[in-house]
Structures are given as structure tokens and as C-alpha cells.
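Chains as they are written, first to last, in this note's numbering: chain A, 74 to 185; chain B, 137 to 252. Backbone N, C-alpha and C fix where the C-beta goes; we use that ideal spot for every residue, glycine too. Okay, so here's the structure we're looking at.
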């Protein structure tokens with residue numbers, strides 16, 4: 074079962090920051106938060122991940138609350154190419170493997 | 137480009153055909169995965185291979201038969217499929233899924249399968 078909750082859809086004007094929220098209230102201490110996105114009919118694209126500190130890379134920033142029960146993915150200057158479904162995932166480690174359980178994600182629509 | 141390639145990109149097959157999907161990763165990873173994404177549904181994990189050994193079979197019907205001859209190649213052999221098996225089949229790879237630290241999966245572009 075997915076361990077995250079995301080809004081089903083969001084809109085953002087091109088050039089503005091897109092802030093995508095995610096709740097993961099049952100996250101364990103050693104579980105990472107991952108973000109992927111999927112542009113229509115393509116494979117999911119890795120964006121960023123984090124444990125407890127805020128993270129930034131060339132694509133986005135990830136803000137994780139101090140209690141780690143929620144996080145926000147920030148696309149600082151959204152473009153039309155950022156229109157996609159964004160997945161927030163908690164990576165669960167079992168005995169022999171780890172799993173990424175994808176939920177339904179947030180469909181971000183960037184408009185002119 | 138993610139370093140994970142899949143062929144073919146599109147496949148149409150009848151229910152009595154036998155076909156295979158191929159995945160190759162150029163990232164030096166040790167683990168490979170098959171996912172299925174049906175229309176308007178989340179990705180579903182099908183199989184996991186780690187160091188060529190199958191470590192996960194997510195109750196997948198036997199008409200789907202995976203093969204991992206080495207850490208760089210993964211196949212999905214298909215036979216007597218049903219129309220409801222039509223979906224996007226995605227391959228991914230990662231360094232080592234057993235670790236409790238980070239282990240990022242990188243996905244291929246997928247094979248769009250249509251079963252008639």
C-alpha cells in the first residue's frame with residue numbers, strides 16, 4: 074500500500090514556483106522520501122530524494138518538515154515541459170529488497 | 137536518457153503469440169525491475185532481480201516469465217496473454233536495493249503492449 078497522500082491535481086502558471094505537497098505521516102526513521110515524475114506515456118523520471126534535511130538539485134528543491142510527516146517538492150520556475158504526474162514515494166526496505174510503491178500522484182498542469 | 141533502454145517501444149500481439157520484451161541498463165547497476173502500468177492505474181511492481189537472482193515476484197501470472205541472464209539485461213517473455221494485459225511495461229535498475237540507505241531506481245522509456 075502507498076504510504077503517501079497527495080492532491081490529485083494542481084495548476085501553476087509558467088514562470089512561477091510550483092509547490093507540490095505530500096503527507097507521509099507513518100514514515101519510519103530510516104525511510105527516504107523520493108520524488109519522481111512521469112510525462113505522458115514515458116517512463117518515470119527521478120527528481121530528488123531526502124531523509125530529513127532539505128535537498129536541492131538542478132531540477133528541484135525538497136523541503137521535509139522537522140517531524141518528517143510531510144514534505145514539499147518545489148519547482149522554482151515551472152515551464153510547460155514540467156507538466157506531468159508527480160509521485161511522492163516512501164522507499165520501504167524489506168529483508169532482501171526495497172520497494173517504491175507508486176500511488177496516483179499529483180497531476181501538475183503548467184499553463185501560459 | 138537515463139541509461140536504461142527498452143525494446144521494442146511498441147508491440148501488438150495476438151493472444152496466441154509468444155513475444156519477448158528486452159531491457160538493458162548501462163549504469164553498472166546490480167538490480168533490475170519490471171513494472172506494469174495499466175491505463176489510469178498506478179505502477180505495479182512485477183518482478184525484482186538482484187545480482188541475477190529473482191528476489192520478488194508480486195503474484196504475477198505465469199504467462200509472464202522473466203529472465204535475467206546477467207546484471208545488465210532483463211527480459212520479459214510473454215505467452216498466451218489476455219487483452220487486459222495491454223499496458224505500458226517499464227523496466228528499471230538500481231545499484232543495490234538491499235541497503236537501508238539510498239537506492240535510486242532509474243526507468244526506461246517503456247514498451248507499450250497491445251494484446252488483441
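**Prompt:** Out of curiosity, what's the CA-to-CA distance linking residue 187/B and residue 168/B?
**Reply:** 9 Å
**Message:** Which residue wins for smallest C-alpha separation from residue 122/A, given the options 79/A, 104/A and 142/A?
**Reply:** Per the Cα distances, 104/A.
**Prompt:** What residues from the segment 218-244 of chain B come within 7 Å of chain A, judged by C-beta to C-beta, listed N to C?
**Reply:** 224, 226, 233, 234, 236, 238, 239, 240, 241, 242, 243 and 244
**Asked** Would you say residue 93/A reaches chain B, if we count a Cβ-Cβ gap shorter than 8 Å as a contact?
**Response** no
**Prompt:** Leaving out the 5 sequence neighbours to the left and right, which residues in its chain are closer than 7 Å to residue 265/B when beta-carbon positions are compared?
**Reply:** Absent from the structure is residue 265/B, since the part of chain B shown begins at 137 and ends at 252.
**Request:** Answer with yes or no whether the minimum CB distance from residue 178/B to chain A is below 8 Å.
**Result:** yes
**Request:** Just the chain A side, please: which residues come within less than 8 Å of residue 246/B by C-beta, in chain order?
**Result:** 114, 115 and 116
**Request:** Within the same chain, show all residues whose beta-carbon is closer than 6 Å to that of residue 162/B, passing over the 5 residues directly before and after it, in chain order.
**Result:** 139
**Asked** Based on the DSSP secondary-structure assignment, which residues constitute the bridge partners of residue 223/B?
**Response** 249/B
**Asked** For residue 201/B, which residues from the same chain have a beta carbon less than 7 Å from its beta carbon, with the 5 sequence-adjacent residues on both sides left out?
**Response** Only residues of its own chain outside the window of five on either side were considered, and among them 213 have a CB closer than 7 Å to the CB of residue 201/B, listed in chain order.
**Message:** Quick check on residue 146/A - is its C-beta less than 8 Å from some C-beta in chain B?
**Reply:** no
**Prompt:** Going along the chain, which unbroken runs of the beta strand (DSSP E) with 3 or more residues stay wholly within the segment 116-165 of chain A?
**Reply:** 118-123, 134-137 and 143-148
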